[in-house]
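Here the structure is laid out as structure tokens; the discussion comes afterwards.
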Amino acid sequence: MKDSRNVAAVAASKDDAVLQWVTFKLDNETYGINVMQVQEVLRYTEIAPVPGAPHYVLGIINLRGNVVTVIDTRSRFGLQSAEVDDSTRIVIIEAEKQVIGILVDSVAEVVYLRRSEIDNAPNVGTEESAKFIQGVSNRDNELLILVDLDKLLSDEEWAELNQL
Amino acid sequence: MSKSVDETVFDFFELLLHEEDSALVASQVKPQEGVSTSLALKTKTEAQLLNDAILADHEQSKTQVKNTATPEVQLAKSKPTIMATAESAPPLVNKQALEKLLAPVLKTANVTEEKPAEVVSTPVKPVTPMVSKPEETVESSVVEPEQIESNSITPETQVGFAPPSVTKDLQEVLDDEFQVLFFKVAGLTLAVPLVSLGGIVKVERINHIIGRPSWFLGVQTHREEQLNLVDTCAWVMPEKYTDKLAQSVNYQYLVLLEGSNWGLACESLLNAVKINKSQVNWRSKAGKRPWLAGVVKEQMCGILHVQALVEMLDAGLGCQDSIG
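Top line first, the protein sequences correspond to chains A and B.
Position one of the first sequence corresponds to residue 18 (this note's numbering), numbered consecutively onward.
Position one of the second sequence corresponds to residue 18 (this note's numbering), numbered consecutively onward.
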């Protein structure tokens, strides 16, 4: 009897898996990205512009001998650009088998969310940027917007980035 | 004497309600193409004039607001209790714009009369100001057509528009006497039946979600649920929602739509009153604007068909989009 309860509890918890999200701020909103895709978080460092690069690319940085492309997240999200300050960070992520950096206003924390705590984002978007919102979650009366990093760029854009 | 902005808005809503009918008449009478074109031209001019009038009224009301207290709202858990506030004195209006506006309205009424149509016979009260005005406005309607026809304005019609199918008759759901809540946004008064009201919430922290339509204001957390906020002004009258108007709109409350998590942002709540079904000019046919159930005659404002509105919002449609 006890064993069957345990099995049921394990099954239920498997259905409602806990996921970890790294949260960052962008224009006063809090966004979350899957912690498994985050490699590291860097303080802002000089980003070298790349001539002829797509508009969503800010430039490249040298990360311990590796060249990493940094994406202009604000532009990607349709937000106005902002001045770099002390809390600006470059989050190094892996998506679509590529390592890139995304520039954010600040990085906040790592949060634990059950799958059941994630709601669908209002499905009224038609713009390109609507695609990479994979859900929203309410935490302590604050809305966390969860980003699907794989959809941050289109297939063509990922390919374009690979050849940069 | 010119009509007040509320009366003008009433005429505007009346026209929205009958627009499909007049368009139908125009398409049926093909040889008289000129008539339908001029009608469309007048509608366009009217829209512009209404825009002027609303802007003038909004400017006026903004200055009045500075001197008056904001309406208080008591939010009960299940049923919203609204403290009625006395309406301020009738606002001053852009007279010239209104006089121009009234002419095409009367002219349109004449054109639609040709159709045997269901003209809703409204029980006219002896004291209503609308009864005493026709003579004055007829004069301007005689002068006006030439000016309008000479203007080369492209008609703002929606060609190939499929009539929506969601206009389930609201009247069936309502009792003969029912309560409505009046609320205001950018000088425009709207009514929502209380049976379709999900609640009233104060606008607090709005989370903006990227990639959404311009009328999607954002998301607000309320009792651990997300409310989707509609920029009512941008949704109801997108063609009049200029940057200037957008900057001047100061949303204070959310009128929640029953059975959904949609909330219409509004600037002020006027009052909740009991009205009779006969006091509303109900939409008689499905048309372009299923969200508009009719026009409340006395208060001269549009009454919302919440179910249809929710369906449109769920589908991500703007007020002028086809849902057919």
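Glycine included, every Cβ here is placed at the ideal spot set by N, Cα and C.
Since this is a predicted model, take the numbers as computed values, not measurements.
Just to make sure I have the definition right: I need the residues of chain A whose C-beta is within less than 7 Å of the C-beta of B/T249. Which are they?
Contact note: B/T249 does not reach chain A at a C-beta cutoff of 7 Å; the least C-beta distance is about 15 Å.
May I ask you to check if the CB of B/Q196 is nearer than 7 Å to at least one heavy atom of the ligand ATP?
In the structure shown, the ligand ATP is absent, as is every other ligand, since no ligand is present at all.
Determine the chain B residues that contact A/I135 at a beta-carbon separation under 8 Å, and present them in chain order.
For A/I135, no chain B residue has a C-beta closer than 8 Å to its own C-beta; the minimum C-beta separation is roughly 11 Å.
In terms of residue numbering, what span does the beta strand (DSSP E) encompassing B/N293 cover?
It spans S285 to N293 - the beta strand (DSSP E) in which B/N293 sits, taken as one unbroken run.
Checking 8 Å against the spacing of the C-beta atoms, do A/V116 and A/R106 come in under that value?
For A/V116 and A/R106, no; Cβs fall outside 8 Å.
Counting contacts by CB-CB distance shorter than 8 Å, is A/D32 in contact with chain B?
Not an interface residue.
Give me whichever residues DSSP pairs with B/G319 in a beta bridge.
For B/G319, which the question treats as bridged, DSSP gives the partners B/L207 and B/V312.
With a threshold of 8 Å between beta-carbons, can B/E241 be considered close to chain A, or not?
It does: the Cβ of B/E241 has a partner Cβ on chain A nearer than 8 Å.
Might you give, ordered along the chain, the residues of its own chain that have their beta carbon closer than 8 Å to the beta carbon of A/S154, omitting 5 neighbours on each side?
Around A/S154: G49, L130, E134, I135, D136, L160, L161 and L163.
Within 10 Å of its beta-carbon, does B/P307 have 16 or more other beta-carbons around it, so buried, or fewer, so exposed?
That one is buried.
Going by CA-CA distance only, name the one from A/E63, A/D172, A/K114 and A/V141 that's closest to B/M329.
Distances from the CA of B/M329 to each of A/E63, A/D172, A/K114 and A/V141 were compared; the closest alpha carbon is that of A/V141.
8 Å Cβ cutoff, B/N224 in contact with chain A:
Contact with chain A is found for B/N224, since one of that chain's Cβ atoms lies less than 8 Å from the residue's Cβ.
Could you check which residue in A/A147, A/G82, A/Q180 and A/F94 has the C-alpha nearest to that of A/Y73?
The shortest Cα separation from A/Y73 among A/A147, A/G82, A/Q180 and A/F94 belongs to A/F94.
Quick one, which of A/R132, A/G118 and A/Q151 has its alpha-carbon nearest A/N56's?
In the sequence as presented, Asn is not what sits at residue 56 of chain A; that position holds Gln. The shortest Cα separation from A/Q56 among A/R132, A/G118 and A/Q151 belongs to A/G118.
Comparing the C-beta of A/N15 with each C-beta of chain B, is any distance below 8 Å?
Limits of chain A in this structure are 18 at one end and 181 at the other, which puts residue 15 of chain A out of reach.
If you run the structure through DSSP and keep just helix, strand and coil, what is A/N155?
In the structure shown, A/N155 sits in a strand (DSSP, three-state: E or B).
Taking Cβ to Cβ, would you say B/G333 is nearer than 8 Å to B/P230?
Cβ distance < 8 Å, so B/G333 and B/P230 count as in contact.
Can you tell me whether B/L214 is buried or exposed? The criterion is at least 16 other CB atoms within 10 Å of its CB, across all chains shown.
Taking a 10 Å sphere around the C-beta of B/L214, we find 16 or more other C-beta atoms and assign the residue as buried.
Any beta carbon of chain A sitting closer than 8 Å to that of B/P230?
Under the Cβ criterion of 8 Å, B/P230 is counted among the residues facing chain A.
If the criterion is Cβ atoms closer than 8 Å, does the pair A/V39 and A/V101 meet it?
Cβ atoms of A/V39 and A/V101: not closer than 8 Å.
Helix, strand or coil, according to DSSP, for A/S98 in the structure here?
If DSSP states are grouped into helix, strand and coil, A/S98 belongs with coil.
B/V209 and B/C336 look like a contact to me (Cβ under 8 Å); what is the Cβ gap, rounded to whole Å?
For B/V209 against B/C336, the beta-carbon gap comes to about 15 Å, at or over 8 Å, which does not count as contact.
Using only alpha-carbon positions, find the residue among A/Q54, A/L170, A/P139 and A/P66 that is nearest to B/D331.
For B/D331, the closest of A/Q54, A/L170, A/P139 and A/P66 by C-alpha to C-alpha distance is A/P139.
Per-residue contacts from B/V253 into chain A (C-beta, under 9 Å):
The premise fails here: B/V253 is roughly 16 Å from chain A at the closest Cβ pair, so nothing lies under 9 Å.
Whole beta strand (DSSP E) elements within the segment 220-302 of chain B, 3-residue minimum
Here the runs fully enclosed are 233-239, 242-247, 270-274, 279-283, 285-293 and 297-299.
Beta carbon proximity, B/T238 to chain A, threshold 8 Å:
For B/T238, a Cβ of chain A is located within less than 8 Å of the residue's own Cβ.
Endpoints, the alpha helix (DSSP H) within which A/R91 is located:
It spans T90 to R93 - the alpha helix (DSSP H) in which A/R91 sits, taken as one unbroken run.
I'd like the span of the beta strand (DSSP E) that includes A/Q37, first residue to last.
For A/Q37, the enclosing beta strand (DSSP E) starts and ends at V35 to L43.
Decide if B/A263 is buried, meaning its Cβ has at least 16 other Cβ atoms within 10 Å, or exposed.
With a threshold of 16 other beta carbon atoms within 10 Å, B/A263 falls short and is exposed.
Specify whether the segment 229-249 of chain B and the segment 192-199 of chain B touch according to this definition: at least 3 beta carbon pairs, one from each stretch, less than 8 Å apart.
No: fewer than three Cβ pairs fall under 8 Å.
Helix or strand or just coil, what does DSSP make of A/N179?
Assigned with DSSP and collapsed to three states, A/N179 falls in helix.
How close, in whole Å, do the beta carbons of B/V272 and B/V297 come, if the pair is a contact with beta carbons under 8 Å?
That pair is no contact at about 18 Å.
Using the Cα positions of B/G311 and B/S277, report the straight-line distance between them to the nearest angstrom.
Between B/G311 and B/S277, the C-alpha separation is close to 21 Å.
Could you tell me which of A/P66, A/F41, A/N179 and A/Q54 sits nearest to A/E111, measuring between CA atoms?
With distances taken between Cα atoms, A/E111 lies closest to A/Q54.
As assigned by DSSP and simplified to three states, the class of A/D136:
Strand.
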